[in-house]
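In the working numbering, the protein residues as written are 1 to 342.
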């Protein structure tokens, strides 16, 4: 398998496991992989998150700490993961803080991990640990103003960058953002959706596609983005902010980064004030035209439809089981409002 650039999919035996057994299997894989990154196997292991990737905190006896990722099979190639690290390094050179990757004992930033019992294979990477907390929810307006400013700096850094010749990341556009060819799955396959609800989402999707086509992909509005710039992906320590979780980074519309921050508020009263705060922060560093601002609702709808596809792709995932009903209600409510405004 070492000669392949992608691990195509999870093993059938792993997929058939109950969620708690999947987590236990991934924990065993993480422990076996830790030694490759110079962390003793007896380290304390803590699961931080399990969505596409399984992310663990490894604490060594000597105080050494890393965030270990076991990547979802089929999501990214080895070269795409290496390109993620290259983008993060570029941002650091422009004054933004991102975690630094740790190479394995053999000097590789991306290695392979395998579970012999189920045959599950995944790429594994390690990042130096970053202390911090997410921005305070006590002042959401200021937090979104800060996210907007950070987004502008990311976009400027990507615009001015002469990328390595082997740089490779996916593209989030009208073809891949949602629907049958969506990167995260197809919302039509969500079992919880009734026929009338699918029809409503289709109407919203058709509007999104038409408006994206008219908006275009010129370089002033389309380029390298973070792809998941939520508050949860910022860590604050004293006056320093570190941007984390670049797993969804790639090429896309710059305003898609706003949509990733806003989608959870799309059908609530907080949507407009948080949107305006993000725009204010963004405009402190990079111009944003009125025609772009007019597209924000469309990018938010695009994000909502994309995340519904994620639920279809991972119907048995713990996140889907916990939040699936909320996601459906949220998507339908926002789609109704979006179509109603057209």
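Backbone N, C-alpha and C fix where the C-beta goes; we use that ideal spot for every residue, glycine too.
**Prompt:** Which two residues bound the contiguous alpha helix (DSSP H) that contains residue 320?
**Reply:** Element bounds for residue 320: 318-341.
Q. Which runs of the beta strand (DSSP E), 3 residues or longer, sit entirely within the stretch 76-132?
A. 111-114, 121-128
Just checking my contact of residue 179 with residue 186 at CB under 8 Å: how many whole Å lie between their CB atoms? 6 Å
According to DSSP, is residue 179 helix, strand or coil?
coil
Item checked: Inter-residue Cα distance where the pair is residue 193 and residue 108 -> 44 Å
* **Stretch pair the stretch 249-262 + the stretch 288-299: three plus CB contacts closer than 8 Å** => yes
Q: Have a look at residue 273 and residue 338 and give me their C-alpha separation to the nearest angstrom.
A: 18 Å
Cβ distance (whole Å) where residue 229 is taken to contact residue 147 below 8 Å = 6 Å
Item to complete: Would you kindly report the start and end of the unbroken alpha helix (DSSP H) that includes residue 314?
Response: Note, residue 314: premise wrong, no alpha helix (DSSP H); not H, not E.
Roughly how many whole angstroms lie between the Cα atoms of residue 214 and residue 259?
19 Å
Classify residue 71: buried if its beta carbon has 16 or more other beta carbons within 10 angstroms, exposed otherwise. buried
Quiz item: What is the rounded straight-line gap between the Cα of residue 336 and the Cα of residue 209?
Solution: 16 Å
Assuming contact is defined by CB atoms lying nearer than 8 Å, are residue 130 and residue 244 in contact in what I supplied? yes
Tell me the DSSP secondary structure of residue 72 in three-state form. coil
**Prompt:** In this structure, what does DSSP give as the bridge partners for residue 65?
**Reply:** Answer is 59.
Exercise. What do you get for residue 25, buried or exposed, if any count of 16 or more other CB atoms within 10 angstroms of its CB means buried?
Worked result: buried
Do residue 11 and residue 120 have their beta-carbon atoms positioned less than 8 Å apart in this structure?
At a Cβ-Cβ threshold of 8 Å, residue 120 and residue 11 count as neighbours.
| request: Would you grab the beta carbon distance between residue 134 and residue 27 for me? Rounded to a whole angstrom, and I think it's under 8 Å. | output: Residue 134 to residue 27, Cβ: 25 Å. No contact.
> residue 159: buried (16+ other C-beta within 10 angstroms of its C-beta) or exposed?
Replying inline: With fewer than 16 other Cβ atoms within 10 Å, it is exposed.
Based on the DSSP output, what are the partners of residue 44 in its beta bridges? 59
Counting C-beta neighbours from all protein chains within 10 Å, is the total for residue 94 16 or more, i.e. buried, or is it exposed? exposed
Taking the beta carbon of residue 248 as the centre, do at least 16 other beta carbons fall within 10 Å, making it buried, or is it exposed? buried
* To do: Out of 39, 331, 15, 246, state which residue places its alpha-carbon closest to the alpha-carbon of residue 154.
  => Ranking the options by Cα distance to residue 154, first place goes to 246.
As assigned by DSSP and simplified to three states, the class of residue 172
strand
Q | Neighbour-count burial assignment, residue 281, 16 or more Cβ in a 10 Å radius | A | Buried: at least 16 other Cβ atoms inside 10 Å.
Do you know offhand how far residue 174's Cα is from residue 189's?
If you take the alpha carbons of residue 174 and residue 189, they lie about 19 Å apart.
Check: For residue 277 versus residue 144, is the C-beta spacing smaller than 8 Å?
Finding: yes
- Message: Which of the three DSSP states is assigned to residue 215 in this structure?
- Response: Under the three-state reduction of DSSP output, residue 215 falls in the helix class.
For residue 347, which of helix, strand or coil comes out of DSSP? The chain is shown only over 1 to 342; residue 347 falls outside these bounds and no answer can be derived.
Output needed for residue 22: all residues of its chain with C-beta closer than 7 Å, excluding positions within five of it in sequence on either side, in chain order. 14
Figure out for me which residue from 270, 166, 315 has the closest Cα to the Cα of residue 137.
Of the candidates 270, 166, 315, the one whose C-alpha sits nearest the C-alpha of residue 137 is 270.
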